[in-house]
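Here the sequence shown stands for residues -22 to -1, 1 to 481, numbered as in mature numbering (1 follows the signal peptide of the UniProt record, and there is no 0).
Everything below concerns the one structure shown next.
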Amino acid sequence: MIKIAVAALIASAMLLSCSKQNDVVAPVTTTESQSQRLAAESITTNKRINLPISGTSVYITDASTIKYVPGDTLVVPKNVVRVTLYKVNGTAEKPVVITAAPGVIIGGFDRASFDIVGKYIKLVDINITGKPTAIGIKAYYCSDIALENIHIDGAAIGVMLKNDAIATDPNTYYPNAVIRNVSLKNVSVKNCTDEGFYIGNTSDYQNGYKNSPIIGLTVQNVSAENTGWDGFQVTNAQNCLVDGVRVINAGTANKEAQMSGITIQDATTGTFQNLTVNKSTAAGLNIFSCGEVHVSNVALQDVALSSLSYGIIVDNRYDRGFNLGAKKLIMENVSVKQTTSVKGKIAMYVINGTTNGALAAIPGTVTNFTYDVASWEKKTVDYAKNVYYGGTDGIPTTTSSSTGTEQALALPSVPVNVAAAAAGTTVNLTWAAPSNTGGGAITGYKIYRGTVAGKYNLIRTASGGTFSYADGNKVPGTTYYYAISALNSIGEGPLSAAVKVTP
């Protein structure tokens, strides 16, 4: 119901339109009538407006009903269980400020404690004590938004800022929608069951349409403490300047692929500096298929506490469609220290490959990298020798446990020779093992099916020695798409290219 309501409101809540130009979107233009209105507002004295409370909530789906103008300050006057505030729009010169009166605590609702939709807005001096089922601050369909002096204790996700494409509303998906100019300063979250910070959409598509990127992200002095999943995660955000991220005790829920301290991923570009992680179940720092990224002054301690984890992981998975797959990585002044026993094997692991158009190797340099020799089997492993930084620390080798079981060092590549043939209403799939097993045995295959290319559901997990599958009871005349991935002890590798068949 919330998503339906947002869809109905979104066209006027967002003023986001764009034309692609070097992955940067043209600014929204202002009409003559808008200019006249804004000029009139500029001579109006800015005022503070107490937000009306209904029962135990602030619930306003059209902020124009409270008669504010750009530059005004909207105030939560007393404790409430939630704030829902949609269609709040200021100007670049005069953002609308949203704050809480001194001593006010927000939280207690089962879903979002603070749910905001708008443009040119600034949330400042807000304290949230929420439930573990609730998002602390949910900022969907927002642009030109700043969060400053925000403190959240108790949430499912501390801060969640992204768009989800709604098929019925073109203003919610790319290229019509772009999230611009996001700023976080002095924001702390703790005691989250899932992520501390979830910034940018981790899915390429939603409901068949491309999700919005973030263009321009500034982060200064933020922290996440005691998170069940990743502490700080940024995805699909271009032109970032992140200075000062501190994560303590991340990944406590032991959720697969969600146990890291800091994750920078998928078409993200920019500068990340002064990053600190003290205790994470999996890697302290992930850098997954970013464009050009400069990372410096990183201090990791007591990370990779789960088995088969690494201190730092770098990969170059497929491009998300903005020509920003892994391009270049510069790292300097990085330390990985342990005061507790580490189960991980490698202080820094670099995964290169050519799957789905990824670069065969990630160019760049790593300088002043220090680690505790006694805690790790290897300093670094680079999947492509003499490419990343000279290969001086060797190439991956298969290791064996005391029982002689072969352990993988990387995810497997795609299964090969994937084929599909129809026999009546049955589709017969065949495939062969991947050319690169990741250094260990293939333990299984996942088979995905969909009726739209690129949108698949898992239909079967086959054993490692299986190379065929019969998918019965298909609808005649319907085109089906299939893709297959391989599994090893590290996890699931990338999907094969899709094959299609019409019974």
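Note that the Cβ used here is the ideal one computed from N, Cα and C, for glycine as well.
Rounded to the nearest angstrom, what separates Val396 and Val59 at their Cα positions? 53 Å
Which whole-angstrom value is the C-beta distance of Gly132 and Lys109, which I expect to be below 8 Å? 6 Å
Across which residues does DSSP place Ala70 in a beta bridge pair? Ala70 pairs with nothing; no bridge assigned.
When you compare each of Ile27, Thr34 and Ser190 to Val75 by their alpha carbons, which one comes out closest? Ile27
Do Ala155 and Val141 have their beta-carbon atoms positioned less than 8 Å apart in this structure? Sequence inspection shows Asn at residue 141; the Val mentioned does not correspond to that position. Yes, these two residues count as a Cβ contact at 8 Å.
When burial is assigned at 16 or more other CB atoms within 10 Å of the CB, is Lys424 buried or exposed? buried
Nearest neighbour of Val102, chosen from Leu52, Tyr151, Ser313 and Gly428 [CA to CA]: Leu52
What's the C-alpha gap between Ala261 and Gly174? 16 Å
Range of the contiguous beta strand (DSSP E) that encloses Asp293: Tyr288 to Asp293
8 Å Cβ shell around Pro412 - same chain, five flanking residues per side excluded: Pro390, Ser391, Val392, Pro393, Val394, Ile420, Ala464 and Gly471
Rounded to the nearest angstrom, what separates Gly455 and Ser190 at their Cα positions? 34 Å
For the region 392 to 463, list the beta strand (DSSP E) runs that are entirely contained and at least 3 residues long, ordered along the chain. 394 to 401, 404 to 410, 422 to 430, 433 to 441 and 446 to 449
Straight-line gap, Gly194 to Tyr349 (C-alpha atoms, nearest Å): 33 Å
Residue range of the unbroken beta strand (DSSP E) whose run includes Gln316: Premise fails: Gln316 is in no beta strand (DSSP E) and is neither H nor E.
What do you reckon, is the C-beta of Lys45 under 7 Å from a heavy atom of the ligand NAP? Ligands displayed in this structure: none; no statement on the ligand NAP is therefore possible.
Would you check if the distance between the CB atom of Lys65 and the CB atom of Gly49 is smaller than 8 Å? no
Determine, using beta carbons only, whether Glu92 and Ile84 come nearer to each other than 8 Å. One detail in the question is off: residue 92 reads as Phe in this sequence, not Glu. Yes; because the gap between Cβ atoms is below 8 Å, this pair is in contact.
Name the DSSP bridge partner or partners of Phe266? Gln243 and Asp293
Taking the alpha-carbon of Asn252 as reference, which of Leu407, Val276, Val82 and Ile144 has the nearest alpha-carbon? Val276
Using three-state DSSP, classify Glu258 as helix, strand or coil. One point to set straight first is that residue 258 is Ser, not Glu, in the sequence displayed. Strand.
Is Leu465 helix, strand or coil by DSSP? strand
On a CA-only basis, which of Ser284, Phe266 and Gly469 is nearest Ile242? Give me that one, please. Phe266
In the DSSP assignment, find the beta strand (DSSP E) that holds Asp103 and state where it starts and stops. Phe92 to Thr107
Hey, how far is the Cα of Tyr460 from the Cα of Leu125? 43 Å
Candidates Phe87, Arg158, Leu162 and Thr146: which alpha carbon is nearest Tyr119's? Arg158
By Cβ distance, which residues of its chain are closer than 7 Å to Thr247, with the 5 residues on each side in sequence left out? Gln216, Asn217, Cys218, Cys268, Gly269, Glu270, Val271 and Leu302
According to DSSP, is Val351 part of a helix, a strand, or is it coil? helix
For Asn154, which three-state DSSP category applies? coil
Candidates Gly402, Thr317 and Ile290: closest to Phe347 by CA position: Ile290
What is the DSSP secondary structure of Asn57, counted as helix, strand or coil? coil
Neighbourhood of Leu162 by C-beta, 6 Å cutoff - its chain only, sequence neighbours within 5 removed: Leu125, Val197 and Val200
Quick one: Cα of Ala90 to Cα of Pro481, how far? 46 Å
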